[in-house]
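Chains as they are written, first to last, in the working numbering: chain A, 25 to 372; chain B, 82 to 246. Quick reminder that beta carbons are idealized off the backbone N, C-alpha and C, glycines included. Here the structure is a predicted model, which means the values were calculated and not measured. Data block below; observations after.
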């Protein structure tokens, strides 16, 4: 087993994950429109290919062929950096997500994870907070009041909700005792999913995830009733496409993070039995399939909520973040501390 | 003042109770409502392939009628053009020549008959004004087109298809 083979496998894995996240984002746009249509008793896109399955390609082609506009008074360099940064930070988040158990093919063991760094959760947080820079730089460089307002909203919203997101994660880390995504996933073997031990923490996390990905009901940065297009008002062509794409990749990544941290990742009840019967080459792939079912369910939930809840007003958003979520997250930490202490000292 | 109809309702604005302020119960019931719609049959009619049924008195594109022998009924009296509030109808009359008796019912007929579909408001007054029962708005929706000139429909588009020879 040479190190060249390892590197090639790693590069292949990175490519596969990159392609999968792009395809997931592409088809999220299609799914979003289809799901929206079903929720509103409509049919949705059905012209491009059977059931409109080629719609994302048509949209992509349209985006590439549209006129590229850089406003005269915009800062050209930053104007281009904005969407690039948005899509870059969206894509690199997937590096620490464990997609499945270690596969063994012909004596080679393949980790279905790009890298298992021991601060995986922190890495995800760092990348997520970088994500807002793309929005901020793009909105600010546009030199447009609506873009600027959208960018400011995005920044303040992300900062406010990152606090409660971090606090809700602290309660989880108190139980897991590790920051490595792989270890957190392994601890939830079979049905021991963290959501059973951290229900409140999960609710806080998912609310914050909605806010971090700028999804309804927290889509104030691109609130079209007030801000035209929000931070991407001045964007056209594929630069706009990158912003929209980044949103969907973010949705995919945060669904994967939620599934890993709280819903057991690639673990499912009865996995040992399945693994023993299918062997170490096929068994982990079933785990990957289960993981993707969880991710897709979360993406569906994102869309379901989008067509259910109206947008928050800005003051309501701040009220919810600072006066409700943060106190709840702190209470959750205290309760988790008391609970785990009682559990270890008295054994019930 | 005393209400005459007794339909007046005084609404009270009550402060929200805890369950309402907690967002989540309301959101869950909202999610249930949207999920119910998810499994409902779509009400969409895929237009060019399927068409919605028109009501009996729907007024669509005009057609110039023929009588039971396949002769054009219109005698170019101009009452339709006169009654038209949008001034969408114009026509040029001509005299029927010997040998054309099987084409036109009356001795005078419309050599040119044009309706500007962009002006027409589909009120049906031409239909009411016609003494010869020659024009009816019993057609389909007027289709879209690219140029304004193509919306001026002549006799080629308006006159009913001839009877089977």
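Neighbouring residues, chain B, relative to residue i (Cβ below 9 Å)
{"i": "residue 328 (chain A)", "result": "112, 115, 116 and 119"}
Collapsed DSSP secondary structure at residue i in the structure displayed
{"i": "residue 214 (chain A)", "result": "coil"}
{"i": "residue 217 (chain B)", "result": "strand"}
{"i": "residue 259 (chain A)", "result": "coil"}
{"i": "residue 301 (chain A)", "result": "helix"}
{"i": "residue 143 (chain B)", "result": "coil"}
{"i": "residue 189 (chain B)", "result": "strand"}
{"i": "residue 235 (chain A)", "result": "helix"}
{"i": "residue 356 (chain A)", "result": "helix"}
{"i": "residue 200 (chain A)", "result": "helix"}
{"i": "residue 96 (chain A)", "result": "coil"}
{"i": "residue 172 (chain B)", "result": "strand"}
{"i": "residue 233 (chain B)", "result": "strand"}
{"i": "residue 153 (chain B)", "result": "strand"}
{"i": "residue 127 (chain A)", "result": "strand"}
{"i": "residue 182 (chain B)", "result": "coil"}
{"i": "residue 274 (chain A)", "result": "helix"}
{"i": "residue 137 (chain B)", "result": "coil"}
{"i": "residue 182 (chain A)", "result": "helix"}
{"i": "residue 134 (chain A)", "result": "strand"}
{"i": "residue 157 (chain A)", "result": "helix"}
{"i": "residue 329 (chain A)", "result": "helix"}
{"i": "residue 25 (chain A)", "result": "Low confidence applies here, because residue 25 (chain A) scores a pLDDT of 47, under 50, leaving its location unreliable; read the following figure in that light. If DSSP states are grouped into helix, strand and coil, residue 25 (chain A) belongs with coil."}
{"i": "residue 252 (chain A)", "result": "coil"}
{"i": "residue 56 (chain A)", "result": "helix"}
{"i": "residue 33 (chain A)", "result": "helix"}
{"i": "residue 126 (chain B)", "result": "coil"}
{"i": "residue 227 (chain B)", "result": "coil"}
Interface partners of residue i on chain A, CB under 7 Å
{"i": "residue 124 (chain B)", "result": "65"}
Cβ-Cβ distance between residue i and residue j below 9 Å
{"i": "residue 63 (chain A)", "j": "residue 331 (chain A)", "result": "yes"}
{"i": "residue 297 (chain A)", "j": "residue 318 (chain A)", "result": "no"}
{"i": "residue 311 (chain A)", "j": "residue 181 (chain A)", "result": "no"}
{"i": "residue 127 (chain A)", "j": "residue 309 (chain A)", "result": "yes"}
{"i": "residue 110 (chain B)", "j": "residue 70 (chain A)", "result": "no"}
{"i": "residue 229 (chain A)", "j": "residue 261 (chain A)", "result": "no"}
{"i": "residue 171 (chain A)", "j": "residue 258 (chain A)", "result": "yes"}
{"i": "residue 224 (chain B)", "j": "residue 202 (chain B)", "result": "no"}
{"i": "residue 269 (chain A)", "j": "residue 111 (chain A)", "result": "yes"}
{"i": "residue 209 (chain A)", "j": "residue 356 (chain A)", "result": "no"}
{"i": "residue 155 (chain A)", "j": "residue 245 (chain A)", "result": "no"}
{"i": "residue 315 (chain A)", "j": "residue 290 (chain A)", "result": "yes"}
{"i": "residue 159 (chain B)", "j": "residue 174 (chain B)", "result": "yes"}
{"i": "residue 156 (chain B)", "j": "residue 192 (chain B)", "result": "no"}
{"i": "residue 222 (chain B)", "j": "residue 116 (chain B)", "result": "no"}
{"i": "residue 163 (chain A)", "j": "residue 176 (chain A)", "result": "yes"}
{"i": "residue 374 (chain A)", "j": "residue 98 (chain A)", "result": "Residue 374 (chain A) lies beyond the range of chain A shown here (25 to 372); nothing can be said about it."}
Residues near residue i by beta carbon distance below 8 Å, same chain, minus five either side
{"i": "residue 108 (chain A)", "result": "158 and 266"}
{"i": "residue 141 (chain A)", "result": "120, 147 and 204"}
{"i": "residue 242 (chain B)", "result": "none"}
{"i": "residue 164 (chain B)", "result": "206, 207, 209 and 210"}
{"i": "residue 25 (chain A)", "result": "Residue placement at residue 25 (chain A) is flagged as unreliable, the pLDDT there being 47, under the threshold of 50; a coordinate-derived value is accordingly withheld."}
{"i": "residue 244 (chain B)", "result": "147, 150 and 151"}
{"i": "residue 54 (chain A)", "result": "69, 76, 77, 79 and 80"}
{"i": "residue 363 (chain A)", "result": "none"}
{"i": "residue 200 (chain A)", "result": "207, 208, 211 and 218"}
7 Å Cβ cut-off: residues of chain B touching residue i
{"i": "residue 257 (chain A)", "result": "Ordered by position in chain B, no residue passes the 7 Å Cβ test against residue 257 (chain A), which lies about 29 Å from the chain."}
{"i": "residue 62 (chain A)", "result": "119"}
Within chain B, partners of residue i - CB distance below 8 Å
{"i": "residue 332 (chain A)", "result": "108, 111, 112, 114 and 115"}
Whole-Å CB distance - residue i paired with residue j, under 8 Å assumed
{"i": "residue 198 (chain B)", "j": "residue 234 (chain B)", "result": "6 Å"}
{"i": "residue 52 (chain A)", "j": "residue 272 (chain A)", "result": "4 Å"}
{"i": "residue 218 (chain B)", "j": "residue 133 (chain B)", "result": "Not quite, the Cβ-Cβ distance comes to about 17 Å (not below 8 Å), so this is no contact."}
{"i": "residue 349 (chain A)", "j": "residue 232 (chain A)", "result": "7 Å"}
{"i": "residue 65 (chain A)", "j": "residue 213 (chain B)", "result": "Residue 65 (chain A) to residue 213 (chain B), Cβ: 47 Å. No contact."}
Close Cβ partners of residue i (< 6 Å) along its chain, the five nearest in sequence each way excluded
{"i": "residue 135 (chain B)", "result": "none"}
{"i": "residue 179 (chain A)", "result": "156 and 160"}
{"i": "residue 213 (chain A)", "result": "291"}
{"i": "residue 181 (chain B)", "result": "none"}
Residue-level contact to chain E via CB, residue i, 9 Å cutoff
{"i": "residue 136 (chain B)", "result": "Here the protein chains are A and B, and chain E is not one of them."}
Cβ shell of residue i (< 7 Å), same chain only, five flanking positions each side left out
{"i": "residue 153 (chain B)", "result": "145, 147, 184, 185, 186, 190 and 240"}
{"i": "residue 107 (chain B)", "result": "101"}
{"i": "residue 242 (chain A)", "result": "181, 234, 235, 336 and 341"}
{"i": "residue 240 (chain A)", "result": "329, 330, 333 and 335"}
{"i": "residue 92 (chain A)", "result": "260 and 261"}
{"i": "residue 161 (chain B)", "result": "170, 207, 210, 211 and 216"}
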